[in-house]
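**Q** Residue numbers (the numbering used here): 1465 to 1782. Okay, handing you the structure first.
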Amino acid sequence: MKMLDVVTFGETMVLFASEAMTPIEYSNNFSKQIGGAESNVAIGLQRLGHSVGWFSKLGNDPFGRYIHKFIRGEGVDTSRCIYTDEAPTGIFFKENRSPNNIKVYYYRQHSAASLLSPGDLDEEYIAGAKFLHVTGITPALSPSCREAVFKAIDIAKRHKVKVVFDPNIRLKLWTMEEARPVLLEMAAEADVILPGFDEGKWLSGRNTPEEIASFFGNEKLVIIKLGEQGAYYRFGNEHGYVKGFVVPQVVDPVGAGDGFAAGVISGLLRNEPIPEAVRRGNAVGAIVVGTNGDVEGLPSKEELEEFLQGVRYADVRR
């Protein structure tokens, strides 16, 4: 009997976003939020009605406690989080010049999360999930994080837990030469792979969604994110394009890919046909870009169903 639908882990940081659309050196006011690919997915899935666990190593400081309380407050199980006095919680700043011109500045080197190691993993906890969600960000943080990721994948494979892999390439953390072999090894072990189109091209050396999906193999479910155009999927002999949704106004594109992952995994947990699961991912991504922040726009199960049914609200709901 599986205890949780999904387990995921990785670094979540405190995000300070400039409130004015100006270069950051001229910004005086910042809003405090959280940001982390894995916790974004965890919160997204929890809001869609699934049971999710997320863990990390947090600094024993106000930022670490804030992150822990925030994610736990969303209903995500955080019982395997670890506090450390050896390093601080990472932070980052987001510069909003326009919805199409956003820059991120990380202060995460030697952070608490980078100290995560294989010894911090609870095998029974991972084995008790239906899916393990991992990204290409965590192995970039440190050698010990990389070892932890591959140990978690090994645990999942031994206990027949499906592995979902989102490359989430961050070249501010490592070089292309360092990243490619590690990410390809992760992809080889994964059951579901969720690259963006550019990520897929870079990893595979192929130029079309069809070629990229074929590169990763027909025995895996490969879903390639195509932005506003939707997504392309392949699993065995089943393949096709799923249209995206029209977004009237993009407010903040950050977090859309994580929302897409949450929507797809939700569809798979619901045993939906693959095109429907992909459509669910497209919908969550489209909703997320309409709100500022990594997690603020992630929809509830009811909000997502209304969106999928074409319900739009042009006036105040009373």
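Positions of the beta carbon are idealized from the N, C-alpha and C atoms, including for glycine.
Measuring CB atoms only, is the region 1466-1480 touching the region 1513-1521, in the sense that at least three cross pairs come out at less than 8 Å?
**A** The region 1466-1480, when compared against the region 1513-1521, does touch it at the 8 Å Cβ threshold.
**Q** Just confirm the distance between the C-beta atoms of Ile-1729 and His-1597, as a whole number of angstroms; I'd bet it's less than 8 Å.
**A** The Cβ separation is near 7 Å, so the contact holds.
**Q** Could you tell me whether the Cβ atoms of Ala-1616 and Glu-1642 are closer together than 9 Å?
**A** Not closer than 9 Å, so no.
**Q** To the nearest angstrom, how far is it from the Cα of Phe-1680 to the Cα of Ser-1668?
**A** Each residue's alpha carbon lies about 8 Å from the other.
**Q** Three or more C-beta pairs under 8 Å: does that hold for the region 1542-1553 against the region 1570-1578?
**A** Yes, since at least three Cβ pairs between the region 1542-1553 and the region 1570-1578 fall closer than 8 Å, the two stretches touch.
**Q** Within the region 1466-1538, note down every full beta strand (DSSP E) run reaching 3 residues or more, in order along the chain.
**A** Those beta strand (DSSP E) runs which fall completely within the region 1466-1538 and span 3+ residues are 1468-1473, 1477-1482, 1494-1499, 1516-1519 and 1521-1523.
**Q** Mind checking which residues open and close the beta strand (DSSP E) that includes Ile-1687?
**A** Counting along the chain, the beta strand (DSSP E) containing Ile-1687 begins and ends at 1685-1689.
**Q** So if DSSP puts Glu-1801 in a beta bridge, which residue, or which two residues, is it bridged to?
**A** The question about residue 1801 has no answer here: the residues shown for the chain are numbered 1465 through 1782.
**Q** To test your reading of the DSSP string, which unbroken beta strand (DSSP E) runs of 3 or more residues are found completely within the region 1583-1630?
**A** Whole beta strand (DSSP E) segments, 3+ residues: 1593-1599 and 1626-1630.
**Q** Please classify Leu-1685 as buried or exposed, where buried requires at least 16 other C-beta atoms within 10 Å of its C-beta.
**A** So Leu-1685 counts as buried.
**Q** For Phe-1557, list the residues DSSP reports as bridge partners.
**A** Bridge partners of Phe-1557: Phe-1480 and Tyr-1569.
**Q** Using CA coordinates, which residue listed in Ile-1619, Pro-1607, Gly-1600 and Phe-1614 is at the minimum distance from Pro-1631?
**A** Cα-wise, what sits closest to Pro-1631 is Gly-1600.
**Q** Pop quiz: Tyr-1697 and Val-1742 are said to be a contact at Cβ under 8 Å. What is the actual Cβ separation, rounded to whole angstroms?
**A** Indeed they touch by this definition, with Cβ atoms about 5 Å apart.
**Q** Along the beta strand (DSSP E) that carries Lys-1546, what are the first and last residues, could you check?
**A** One point to set straight first is that residue 1546 is Ile, not Lys, in the sequence displayed. Note, Ile-1546: beta strand (DSSP E), 1546-1548.
**Q** Please state whether DSSP places Phe-1699 in a helix, a strand or coil.
**A** Residue state, collapsed to three classes: strand.
**Q** What is the rounded straight-line gap between the Cα of Gly-1761 and the Cα of Arg-1536?
**A** Approximately 18 Å between the Cα atoms of the pair.
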